[in-house]
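Under UniProt numbering, the residues of the sequence shown are numbered 1 to 154, in order.
In this text, a Cβ means the ideal position worked out from N, Cα and C, and glycines have one as well.
Keep in mind the model is a prediction, meaning the values are calculated, not measured.
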Amino acid sequence: MATEIKKYSDELLAAQPIGYWSGEAYRRVVGRIRADLATEGLTQPHWWILNHVVGNPEEWDRARLIHRLARFDDLDIDFDGVFDDLLKRGWITQRQDGTFVITEAGEAGRTRAADRAHQALAQVHDGIAPHEYATALNVLRRMIANLGGDADLP
Numbered sequence: 001m002a003t004e005i006k007k008y009s010d011e012l013l014a015a016q017p018i019g020y021w022s023g024e025a026y027r028r029v030v031g032r033i034r035a036d037l038a039t040e041g042l043t044q045p046h047w048w049i050l051n052h053v054v055g056n057p058e059e060w061d062r063a064r065l066i067h068r069l070a071r072f073d074d075l076d077i078d079f080d081g082v083f084d085d086l087l088k089r090g091w092i093t094q095r096q097d098g099t100f101v102i103t104e105a106g107e108a109g110r111t112r113a114a115d116r117a118h119q120a121l122a123q124v125h126d127g128i129a130p131h132e133y134a135t136a137l138n139v140l141r142r143m144i145a146n147l148g149g150d151a152d153l154p
């Protein structure tokens with residue numbers, strides 16, 4: 001059940017600072033995701049790598065995947081260290097051509113983390129209709145484009 005929020009006029013809401021609200025949403029959503037992943041001993045970069053590898057194992061070698069994920073990095077991540085950790089855990093293996101394959105253990109861990117991610121997503125979306133969510137994203141995309149950023153889907 002959605003948490004009730006206080007109602008305000010459109011005029012009052014329109015005067016609110018987007019930096020505060022987008023920042024608070026980021027901290028809450030990403031904080032929840034990072035806490036859930038930590039229960040598996042994972043970070044977001046672990047999660048990103050596992051999902052890319054499982055989605056298209058023929059495509060992703062280390063250099064290509066680091067290049068792809070760099071745009072999401074807000075923590076100055078040592079991606080090589082994350083790859084090495086996943087290899088050491090036995091969650092991915094590297095083929096002769098340099099591409100990666102997820103292992104049975106890696107898929108089991110990824111599935112457990114995905115279950116937690118789905119619970120977080122349900123909590124975030126609680127009380128928000130799909131068209132409301134789409135509208136919110138399009139407003140953010142417009143703001144990003146207005147400031148010269150890439151507003152395409154990742």
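Q94 - containing beta strand (DSSP E), residue span: Here the beta strand (DSSP E) through Q94 covers I92 to Q94.
Can you tell me whether A134 is buried or exposed, with buried defined as 16 or more other CB within 10 angstroms of its CB? Exposed, by the Cβ-count rule.
L137 burial status per 10 Å Cβ neighbour count (16 or more: buried): By the neighbour-count rule (16 or more Cβ atoms within 10 Å), L137 is not buried but exposed.
Thinking just about the alpha-carbon of each residue, which of S22, E40 and L75 is nearest to the one in W91? Of the candidates S22, E40 and L75, the residue whose Cα lies closest to the Cα of W91 is E40.
If P45 and T99 are in contact, beta carbons under 8 angstroms, what's the gap, nearest whole angstrom? In fact, because the Cβ distance is near 18 angstroms, the residues do not count as touching under 8 angstroms.
Pair within 8 angstroms by beta-carbon distance, W47 and A113: Yes, the pair counts as a contact, with Cβ atoms nearer than the cut-off.
Can you tell me which of the three DSSP states I128 falls into? Coil at I128, not helix or strand.
Coil, strand or helix - D74 by DSSP: In the structure shown, D74 falls within a coil segment according to DSSP collapsed to helix, strand and coil.
Select from H125, D61, E24 and L12 the residue whose C-alpha is nearest the C-alpha of A2. Out of H125, D61, E24 and L12, H125 has the C-alpha closest to the C-alpha of A2.
Exposure of I128, with buried meaning 16 or more beta-carbon neighbours within 10 Å: An exposed status is given to I128, since fewer than 16 other beta-carbon atoms sit within 10 Å of its beta-carbon.
Kindly indicate the opening and closing residues of the alpha helix (DSSP H) around I66. Looking at the DSSP string, the run of the alpha helix (DSSP H) that includes I66 is R62 to L69.
Delimiting residues of the beta strand (DSSP E) encompassing G102: First, the amino acid is wrong: residue 102 is Ile here, not Gly. Start and end: F100 to I102.
What does the Cβ neighbour count give for D150, buried or exposed, with the cut at 16 atoms within 10 Å? Classification for D150: exposed.
Hey, quick one: how far does the alpha helix (DSSP H) through G55 stretch, first residue to last? Where G55 is concerned, the enclosing alpha helix (DSSP H) stretches over Q44 to G55.
Does DSSP put I5 in a helix, a strand or coil? In this structure, I5 counts as coil in the three-state DSSP scheme.
Exposed unless 16 or more other CB atoms sit within 10 angstroms - verdict on G55: Counting Cβ neighbours within 10 Å, G55 comes out exposed, since fewer than 16 surround it.
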